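Contents: one structure, followed by commentary.
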Amino acid sequence: MNRVREIRKERGMSQETLARYIAISRKYLSMIECQHATPSISIAMRIGGALGVSVDKIFLDLTSVEAVSYPKPIRFIDLFCGIGGFRYASQYAFDKLGLEGQCVFSSDIDKYAQESYEANFGERPAGDITKIEASEIPDFDILFGGFPCQAFSICGLQKGFADNTRGTLFFDIARIIKEKQPQAFVLENVKNLASHDGGKTLKTILEVLRDELGYHVDYHLLNALDFGLPQKRERIIIIGSKKPFVMDWNFEIEKRKTLEDILEKEVDKKHFASPEIVAKRKAMHTASVSPAIWHENKSGNISSYPYSCALRAGASYNYLLVDGERRLTPREMLRLQGFPDSFKMVVSDTQTRKQAGNAIPVDMVAKVIEKFLPLAF
Ligand SMILES: C[S@@+](CC[C@H](N)C(=O)[O-])C[C@H]1O[C@@H](n2cnc3c(N)ncnc32)[C@H](O)[C@@H]1O
């Protein structure tokens, strides 16, 4: 039982204003007011702060505020770990929430990704996940994974995830969740996952996670641009927990980086395009801002923006050019994904570019994990 609605009305505050003030959706606030949702302690405190009343006066019976009890430390596994985007994102979230996280297993099939990961996190990820038994993986509380998007070949007879997803890397995520029963997971994928195979791929994934594995699941399309990174990168994030939860996908962003923050002042001439290419580009396009990233689409048309279009692992040389003149340096690409400058680049420029293009936008995923952890445990 809580008195949120009563006290809010006494204060003459609309539901919309209170929801905006404490950065939750109006729908979720309404569920709390109708006693249909149990807020986490952090949301209850924010409501108390906004209404100027101590939490115990609003939530009369403190069992209506759910105590979050986290394992100490929170053990996680980093699947398809690449160069550790999830590792950074989760660390930022753990630090923000004053929690201790511990990576107990990581895996990536690519030897250059393994080299980069080892140089930066001090452990070499295991290889091909399809060859690793779930029983070989230590117990863990939360699974992180940005897995490649593949169509499911078997359809029609819904025989269960083993039959419907076998041969795909999602199958490996599902079998590991099934055997290890973690409290929660956070998965990341490309925007196209939603339309892939006529929507069947995402539908199967959600069905397996919900119906076969018994998790409460939500997902959302997010854009790194909305999380303070100057890169338009849209990604689907799927979250799941054993506990029912309502995720509010609106986020407050305190700090936004601009291209000026990202671009290096001194750039080696090896990163510059040939004079012919630069001349051709400039004859085709005039930018209205500088610095800008010039983007060449599949039909050869050029447009420019004060941010980068999505970095790609295997993009052609001229796909993105700073002011139409040069490629982004590997460090700039890492910065566009939110990797700190302390990230050690230990492989070739070509490999680092590929790794940066494959990675997750750290700032975006960190915000999701920070908001999700108190709901998931
Ligand atoms: C989209 S990337 C994930 C990048 C990562 N989230 C990051 O921030 O760097 C997908 C990764 O899955 C890895 N991968 C593909 N097949 C795999 C397999 N069978 N076992 C383990 N890793 C695999 C690739 O090498 C690639 O690094």
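Here my numbering is used: position 344 in the sequence shown is 337, and no number is missing along the way. Ideal Cβ positions, reconstructed from N, Cα and C, are used throughout, including at glycine. Owing to the predicted nature of the structure, the values given are computational and were not obtained by experimental measurement.
Same chain, Cβ closer than 6 Å to residue 105, five either side skipped, listed in chain order: Numbered from 1 along the sequence shown, position 112 holds the residue referred to as residue 105. 340 and 344, listed in sequence order.
First through last residue of the beta strand (DSSP E) which encompasses residue 113: The residue you call residue 113 lines up with position 120 of the sequence shown. First-last for residue 113: 104 to 114, but that is the alpha helix (DSSP H), not the beta strand (DSSP E).
So, residue 85 versus residue 239, is the Cβ gap smaller than 7 Å? Indexing the sequence shown from 1 puts residue 85 at position 92. Indexing the sequence shown from 1 puts residue 239 at position 246. No, they are not a contact pair.
Got a sec: does ligand 1 put a non-hydrogen atom nearer than 6 Å to the Cβ of residue 100? Reading the sequence shown from its first residue, position 107 is the one you call residue 100. Yes - ligand 1 has a heavy atom lying nearer than 6 Å to the Cβ of residue 100.
Name the DSSP bridge partner or partners of residue 287? The count along the sequence shown starts at 1 and reaches residue 287 at position 294. Residue 287 pairs with 297 and 314.
Does the beta-carbon of residue 254 have 16 or more other beta-carbons within 10 angstroms, so that it is buried, or is it exposed? Translated into the one-based positions of the sequence shown, residue 254 becomes position 261. Exposed, since its Cβ has fewer than 16 Cβ neighbours within 10 Å.
Element boundaries [alpha helix (DSSP H), containing residue 350]: For the purposes of this step, residue 350 is identified with residue 357 of the sequence shown, where counting begins at 1. Residues 342 to 351.
Taking 6 Å as the cut-off, is the CB of residue 10 close to at least one heavy atom of ligand 2? In terms of ligand content, the structure shown lacks ligand 2 and carries ligand 1 instead.
Using only the alpha-carbon positions, how far apart do residue 328 and residue 128 sit? Taking the first residue of the sequence shown as position 1, residue 328 is located at position 335. Taking the first residue of the sequence shown as position 1, residue 128 is located at position 135. The straight-line gap from Cα to Cα measures roughly 37 Å.
At 4 residues or longer, and completely inside the stretch 172 to 201: list those alpha helix (DSSP H) runs for me, N to C. 193 to 200
Quick one, which of 198, 137 and 99 has its alpha-carbon nearest residue 365's? As a working note, residue 365 is residue 372 in the sequence shown. Here the closest residue by C-alpha is 137.
Taking the beta carbon of residue 306 as the centre, do at least 16 other beta carbons fall within 10 Å, making it buried, or is it exposed? Here residue 306 is taken as the residue at index 313 of the sequence shown, counted from 1. Classification of residue 306: exposed, given that the 10 Å Cβ count is below 16.
Name the residue from 107, 122 and 124 whose alpha carbon lies nearest to the alpha carbon of residue 116. By 1-based counting over the sequence shown, the position of residue 116 is 123. When each option's Cα is compared against that of residue 116, the closest is 107.
Determine the direct distance from the alpha carbon of residue 212 to that of residue 200, and round the result to whole angstroms. For the purposes of this step, residue 200 is taken as residue 207 along the sequence shown, with counting starting at 1. For the purposes of this step, residue 212 is taken as residue 219 along the sequence shown, with counting starting at 1. Straight-line Cα distance between these residues: approximately 13 Å.
May I have the straight-line CA-CA distance separating residue 407 from residue 325, to the nearest angstrom? With the chain running from -6 to 370 in the structure shown, residue 407 is simply not present.
Cβ of residue 123 versus every heavy atom of ligand 1: is any distance shorter than 6 Å? Position 130 of the sequence shown, counted from the first residue, corresponds to residue 123. Answer for residue 123: yes, Cβ within range of ligand 1.
Determine whether the beta carbon atoms of residue 348 and residue 76 lie at a separation below 7 Å. Taking the first residue of the sequence shown as position 1, residue 348 is located at position 355. Taking the first residue of the sequence shown as position 1, residue 76 is located at position 83. Against a cut-off of 7 Å, the Cβ pair of residue 76 and residue 348 comes out as a contact.
Which two residues bound the contiguous beta strand (DSSP E) that contains residue 211? Numbered from 1 along the sequence shown, position 218 holds the residue referred to as residue 211. Start and end: 209 to 216.
Excluding the five sequence neighbours on either side, which residues of its own chain have a C-beta within less than 7 Å of the C-beta of residue 289, listed in chain order? For this step, residue 289 is matched to residue 296 along the sequence shown. The residues are 295, 311 and 312.
So the beta strand (DSSP E) residue 95 belongs to, where does it begin and stop? Within the sequence shown, residue 95 is the residue found at index 102, counting from 1. 94 to 100 is the span of the beta strand (DSSP E), which, as asked, contains residue 95.
So the beta strand (DSSP E) residue 71 belongs to, where does it begin and stop? The residue you call residue 71 lines up with position 78 of the sequence shown. Element bounds for residue 71: 67 to 72.
Go through its chain and collect everything with a Cβ distance to residue 68's Cβ below 6 Å, but skip five positions before and after it. The residue you call residue 68 lines up with position 75 of the sequence shown. Excluding positions up to five away in sequence, the list reads 95, 97, 133 and 134.
What's the C-alpha gap between residue 267 and residue 319? As a position in the sequence shown, residue 267 is number 274, starting the count at 1. As a position in the sequence shown, residue 319 is number 326, starting the count at 1. C-alpha separation (whole angstroms): 9 Å.
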